[in-house]
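Asks: Heads up: the sequence shown is residues 1 to 269, going by UniProt numbering.
Here it is, the structure in full.
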Amino acid sequence: MRLLEFYTNNFRSLSDISLSSLGGFNVILGFNGYGKTNLLTAVYVFVRNLTAGIEKRSAEDRNQEFVLLWQSYDTSKPIFLGGKLQFSEQEVEKVTGKIQPMAIEIVNKLSYVNGYVEWDLDTLKVNGTVPSKEGLDDVRKLLSYASGQIEYVPIFDQEYFDNIMKRLVEISRSPINLRKYWYDFVNLVSVTIPEIKGMEIWDSRKLVLNVYNLPIYIDLAASGFQRVILMLFIIWLSGNKILLIEEPEVNMHPTLQYKVVKLLKSWTD
1 MRLLEFYTNN FRSLSDISLS SLGGFNVILG FNGYGKTNLL TAVYVFVRNL
51 TAGIEKRSAE DRNQEFVLLW QSYDTSKPIF LGGKLQFSEQ EVEKVTGKIQ
101 PMAIEIVNKL SYVNGYVEWD LDTLKVNGTV PSKEGLDDVR KLLSYASGQI
151 EYVPIFDQEY FDNIMKRLVE ISRSPINLRK YWYDFVNLVS VTIPEIKGME
201 IWDSRKLVLN VYNLPIYIDL AASGFQRVIL MLFIIWLSGN KILLIEEPEV
251 NMHPTLQYKV VKLLKSWTD
C-alpha cells in the first residue's frame with residue numbers, strides 16, 4: 001500500500017495542503033512552528049479514519065479535544081482530509097479475494113455540530129470512477145485494512161517507546177524456531193551502527209549493548225543510540241506500513257543521521 005496523494009485544509013495550522021507524487025520516501029523540511037508535525041498528524045488522522053465518512057461516524061467532544069483540530073478553533077468551516085491510496089494485486093487479493101491492482105481516491109469531510117464531530121464522505125473513486133454498490137463492499141474492506149497500516153513515531157513519548165521496548169524483549173524471548181528473527185534484527189543494528197557488536201536482554205527487561213566488547217545498558221547509553229535502536233526496530237517490524245517519523249535525526253551524530261536516512265530510503269524502495 002502506498003499513499004500517492006494527500007490533501008487537507010483547515011486542519012490545525014494548515015490552511016490548504018495538496019501533495020502529489022508521493023508513494024515513496026519523502027522528507028518534510030521547515031522551520032520550527034511551520035506545521036511539520038501538524039502535517040504528519042493530518043496524514044495519520046486521515047489514514048486511521050478512512051472509513052469514517054462512509055460510515056457517517058460521529059463522536060461527542062466531551063473534553064474539548066476535537067475542537068483543537070480546527071484552524072484557529074473556528075468550527076464554522078469543515079475540515080477536509082483526502083488522498084489517493086494504491087494497493088497491489090497481492091493486497092487486493094488478500095483482503096477481497098479478487099486479483100487486480102486498485103487505486104482509491106477518498107476525501108472525508110469533518111463538521112463540528114453542537115459539540116459533536118461528524119464525518120461525511122465527500123469524494124470516492126476507484127481506479128478513476130465512482131464505485132458501484134457491489135464494489136463498495138470491497139472498497140470498505142480495503143479501507144478498513146489500510147487504516148491499520150500506518151505508524152506514527154513521535155520525537156519523544158516515553159509510553160510509546162516503553163511499549164516498543166516490551167515488544168523488543170518479547171521477540172528476544174521467542175522459541176528456538178523463531179529466534180532467527182531476533183538475530184536478523186541484531187544484524188541490522190550491527191550493520192547500521194558498526195560500534196555495536198551485539199545485543200542481549202539482561203534481567204528479563206534491560207537491553208544491553210555490546211559496544212567494543214563493553215556492556216552498556218540502554219538507559220545509560222547515549223540518547224542517540226537509544227532512539228536509533230528503537231527506530232530500527234520499528235522499521236524492521238513495519239512491513240508495508242506507512243511510517244510517519246518525527247525528526248528521525250534528533251540527537252544523532254551526522255554520520256549516523258546519514259546511515260539512518262539511507263536505510264529508510266532503501267527500506268522504502
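Virtual Cβ for every residue (Gly too), placed ideally from N, Cα, C.
Please read these numbers as outputs of a predicted model, since none were measured by experiment.
What is the DSSP secondary structure of residue 254, reduced to helix, strand or coil?
Replies: The sequence position of residue 254 within the sequence shown is 254, counting from 1. Helix, per DSSP.
Asks: Of the residues 251, 180, 259 and 264, which one's Cα is nearest the Cα of residue 235?
Replies: Here residue 235 is taken as the residue at index 235 of the sequence shown, counted from 1. Residue 264 is the option with its Cα nearest to residue 235.
Asks: Evaluate residue 290 with the Cβ neighbour count: other Cβ atoms within 10 Å of its Cβ, from every protein chain shown; 16 or more gives buried, anything less gives exposed.
Replies: No information on residue 290 is available, as it lies outside the stretch 1 to 269 that the chain covers here.
Asks: Jot down the residue ranges of each uninterrupted alpha helix (DSSP H) in the stretch 172-224, minimum 4 residues, whole runs only, in chain order.
Replies: Within the stretch 172-224, the complete alpha helix (DSSP H) runs of at least 4 residues are 179-192.
Asks: For a test of the three-state rule: what should DSSP assign to residue 31, helix, strand or coil?
Replies: Locating residue 31 in the sequence shown gives position 31, counting from the first residue. Three-state result, residue 31: coil.
Asks: Taking the alpha-carbon positions, what's the residue 112 to residue 67 distance?
Replies: Numbered from its first residue, the sequence shown carries residue 112 at position 112. Numbered from its first residue, the sequence shown carries residue 67 at position 67. Using only the alpha carbons, I get a separation of about 8 angstroms.
Asks: Under 6 angstroms Cβ to Cβ from residue 279, same chain only, skipping five residues before and after it: list those, please.
Replies: Shown here, the chain extends from 1 to 269; a query on residue 279 therefore has no answer.
Asks: By the three-class DSSP mapping on this structure, what secondary structure does residue 137 have?
Replies: Taking the sequence shown and counting its residues from 1, the one referred to as residue 137 is at position 137. Helix, per DSSP.
Asks: Which of the three DSSP states, helix, strand or coil, is assigned to residue 146?
Replies: On the sequence shown, residue 146 is found 146 positions in, with the first residue counted as 1. Residue 146: helix per DSSP, three-state reduction.
Asks: With DSSP collapsed to three states, give me the class of residue 102.
Replies: Translated into the one-based positions of the sequence shown, residue 102 becomes position 102. Three-state DSSP puts residue 102 in a strand.
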